[in-house]
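K.L.:
Under the working numbering, the first residue of the sequence shown is numbered 156, with each subsequent residue one higher.
Just so you know, even glycine gets a beta-carbon here, dropped at the ideal spot from N, CA and C.
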Amino acid sequence: MAVKIKQIICNDIFIASILLTIAVLSWSLNTVLAKGMINEIKPMSLSFFRWFTALCFILPVGLKRVIQQKEVVKQNWIKIIVLSVFSISLYNSLIYYSAQFTTATNMSFVIAATPATTFILSWLFLRQKESCFKIAGMVISLIGMMMIVFKGSLNNFLSLVVNIGDLLTFAAVVSWSIYSVLLKRIRLNIDRIAFLTIIITIGLLFIFPFYIWELCEYGPFEINIKNLSIILFLGIFPSIISYLCWNEGVKRAGPNMASMFSYLIPVFASFIAFIFLGERIQLYHILGGTVIAAGLMLYFKRR
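1) Do you know offhand how far Cys-371's Cα is from Ile-170's?
2) Rank Ile-275, Arg-347 and Ile-436 by C-alpha distance to the C-alpha of Lys-406 and give the top, closest one.
3) Evaluate the contact criterion for the region 247 to 259 versus the region 292 to 303: three or more CB pairs, one atom per stretch, below 8 Å.
4) Taking all protein chains shown into account, decide if Leu-309 is buried (16 or more other Cβ within 10 angstroms of its Cβ) or exposed.
5) Flag this pair as yes or no: are the beta carbons of Ile-367 and Ile-235 separated by less than 7 Å?
6) Go ahead and pull the three-state DSSP assignment for Asp-167.
7) Applying the criterion that 16 or more other CB atoms from any shown protein chain within 10 Å of the CB defines a buried residue, is Phe-431 buried or exposed?
8) Indicate whether the contact test is met: 3 or more Cβ pairs, each with one atom in the region 198 to 206 and one in the region 415 to 423, closer than 8 Å.
9) By DSSP, does Pro-198 sit in helix, in strand, or in coil?
10) Mind checking whether Ser-330 and Phe-241 have CB atoms under 7 Å apart?
11) Which runs of the beta strand (DSSP E) at least 3 residues long sit entirely within the region 381 to 422? Give them in chain order.
12) Please report how far the alpha carbon of Leu-174 lies from the alpha carbon of Ala-254, in whole angstroms.
13) Determine the direct distance from the alpha carbon of Leu-387 to that of Val-446, and round the result to whole angstroms.
14) Is the number of C-beta pairs between the region 206 to 214 and the region 374 to 382 that are closer than 8 Å three or more?
15) Spell out a yes or no on whether the region 220 to 234 and the region 358 to 366 are touching, meaning 3 or more CB-CB pairs, one atom from each, closer than 8 Å.
16) Between Ile-177, Ile-357, Ser-183 and Asp-167, which has its C-alpha nearest Ser-501's C-alpha?
17) What do you get for Met-262, buried or exposed, if any count of 16 or more other CB atoms within 10 angstroms of its CB means buried?
18) For the candidate residues Ile-177, Ser-296, Ile-168 and Phe-256, whose alpha-carbon lies nearest to that of Gly-443?
19) Once the 5 residues before and after Trp-206 are set aside, which same chain residues still bring their CB inside 8 Å of it?
20) Beta-carbon within less than 8 Å of Lys-339's beta-carbon, same chain only, minus the 5 sequence neighbours each way: which residues are those?
21) From Gln-230 to Ile-298, what distance separates their C-alpha atoms?
22) How would you label Tyr-252, buried or exposed, when you count the other beta carbons within 10 angstroms and need 16 or more for buried?
23) With a CB to CB cut of under 7 Å and the five nearest residues on each side skipped, what residues in its chain are close to Ala-349?
24) Can you tell me whether DSSP reads Val-158 as helix, strand or coil?
25) Can you give the Cα-Cα distance for Asn-185 and Leu-322, rounded to whole angstroms?
26) Note the first and the last residue of the continuous alpha helix (DSSP H) segment covering Leu-281.
27) With distances taken from CA atoms, which of Ile-385, Trp-401 and Met-452 is nearest Ile-461?
28) Could you check what DSSP says for Glu-372 in three-state terms: helix, strand or coil?
29) How big is the Cα-Cα spacing for Ile-459 and Ile-233?
30) Measuring CA to CA, which of Tyr-439, Thr-272 and Ile-196 is closest to Tyr-141?
31) Is the Cβ-Cβ distance between Gly-450 and Gly-191 less than 7 Å?
32) How would you label Gly-320, buried or exposed, when you count the other beta carbons within 10 angstroms and need 16 or more for buried?
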């Protein structure tokens with residue numbers, strides 16, 4: 156029994172599941188906090204200072220490792236720039252910007268396309284195919300996701316209106332899917348901390364011009380304890396910890412399995428909102444979460 160438990164714990168899929176769960180939990184916290192901050196801090200400001208804070212924390216450790224692996228960075232600098240743009244620069248900035256034009260319900264529905272988008276891109280670039288059971292698991296989880304997003308109401312689904320915010324969110328989904336697929340295909344032989352340090356640095360360079368434009372257009376945000384605390388949190392957990400967990404999870408399990416964990420974001424977000432914001436957990440949260448779990452179990456059972 157002890158040997159079997161040890162085998163399970165050391166299994167790549169088990170480790171990847173833990174890492175990916177930590178990542179999506181951090182991003183769920185990011186969703187709850189960032190959505191409420193968008194009226195106080197403009198999108199590019201929030202994106203820039205989130206990653207600037209992350210860089211300040213990781214640089215003391217990461218700089219030395221980047222220098223030690225400078226030859227690897229030089230040999231793969233184009234690939235690293237591409238990965239940085241799709242993950243650090245585009246994905247988060249588009250998510251924050253789209254929040255100004257669309258509702259959280261619409262955003263969640265569009266984000267639900269992440270596994271399907273990743274699957275399509277994996278097939279195009281990696282020629283990675285999935286079994287009927289995995290596809291069925293993906294569809295079942297999508298149904299559970301939609302139950303939560305549309306509060307179990309068909310009318311909510313039928314009344315969905317696509318706007319520029321939805322299109323921006325979908326662009327963010329495509330950006331993240333490309334990043335996940337490329338991360339699996341490229342397989343850089345570089346230290347995780349060094350990799351995160353360099354992509355954050357490069358990502359900030361691409362975000363900076365847009366932040367300056369936004370600053371000139373709208374002015375700076377108010378500096379207070381609340382705003383600084385939120386930025387500090389976003390700079391540590393959804394930025395550093397979640398990315399390290401996600402990158403390792405993708406390497407161990409592949410982009411398709413990793414993308415399935417995005418279905419857990421609304422589940423986690425509902426409970427987090429209940430605890431910290433006093434929002435009630437409805438029946439559709441429980442039912443949708445159960446369906447999502449069933450889809451994930453079917454997906455993993457037939458690996």
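P.N.:
This is what the structure holds:
1) Their Cα atoms are separated by approximately 46 Å.
2) Arg-347
3) As far as the Cβ criterion goes, the region 247 to 259 does not touch the region 292 to 303, which means the pair count is below three.
4) exposed
5) no
6) helix
7) exposed
8) No contact exists between the region 198 to 206 and the region 415 to 423.
9) helix
10) yes
11) none
12) 27 Å
13) Cα-Cα distance, rounded: 35 Å.
14) no
15) Taking 8 Å as the limit for Cβ pairs, the verdict is that the region 358 to 366 does not touch the region 220 to 234.
16) With the chain running from 156 to 458 in the structure shown, residue 501 is simply not present.
17) buried
18) Ser-296
19) Ile-243, Asn-247, Ile-355, Gly-358, Leu-359, Ile-362, Gly-390 and Ser-394
20) Ser-277, Leu-281, Val-405, Lys-406, Gly-409 and Pro-410
21) 44 Å
22) buried
23) Gly-217, Arg-220, Val-221 and Gln-224
24) Model confidence at Val-158 stands at a pLDDT of 44, short of 50, so the residue's coordinates are unreliable; what they give is reported in the following sentence. Val-158 carries a helical assignment under DSSP once its states are collapsed to helix, strand and coil.
25) 21 Å
26) Note, Leu-281: premise wrong, no alpha helix (DSSP H); not H, not E.
27) The first residue shown for the chain is 156 and the last is 458, placing residue 461 beyond what the model contains.
28) helix
29) The question about residue 459 has no answer here: the residues shown for the chain are numbered 156 through 458.
30) Shown here, the chain extends from 156 to 458; a query on residue 141 therefore has no answer.
31) no
32) buried
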